[in-house]
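Visitor:
Residue numbers (this note's numbering): -2 to 67.
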């Protein structure tokens, strides 16, 4: 799968989800904490650069296999 990049628009650690703004434009992408590939506590910070894969779902595209770049 193609790896894409973007920045975290916002992420709510309490609810376990947020949105990513793709670097290549287009709609903001939903991201769930289960899609974050990191050890320990799975959360993202606003403005953080991430790399991810795109997956289609019945509610629209979402980010999966999310890695923190910075």
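By construction, the Cβ of each residue, glycine as well, lies at the ideal position given by its N, Cα and C atoms.
Sort 27, 21, -2 by Cα distance to residue 9 and report the nearest one.
Guide: For the residues 27, 21, -2, the minimum Cα distance to residue 9 belongs to 27.
Visitor: With DSSP collapsed to three states, give me the class of residue 38.
Guide: Residue 38 falls in the coil class under three-state DSSP.
Visitor: Between 48, 15, 11, which has its C-alpha nearest residue 68's C-alpha?
Guide: Nothing can be reported for residue 68, as the shown portion of the chain is limited to -2 through 67.
Visitor: To the nearest angstrom, how far is it from the Cα of residue 41 to the Cα of residue 2?
Guide: Using only the alpha carbons, I get a separation of about 14 Å.
Visitor: Along the chain, where does the beta strand (DSSP E) that runs through residue 63 open and close?
Guide: From DSSP, the beta strand (DSSP E) with residue 63 extends over 57 to 65.
Visitor: Suppose contacts are defined by Cβ-Cβ distances below 9 Å. Is residue 6 in contact with residue 15 by that definition?
Guide: In contact: residue 6 and residue 15 (Cβ atoms closer than 9 Å).
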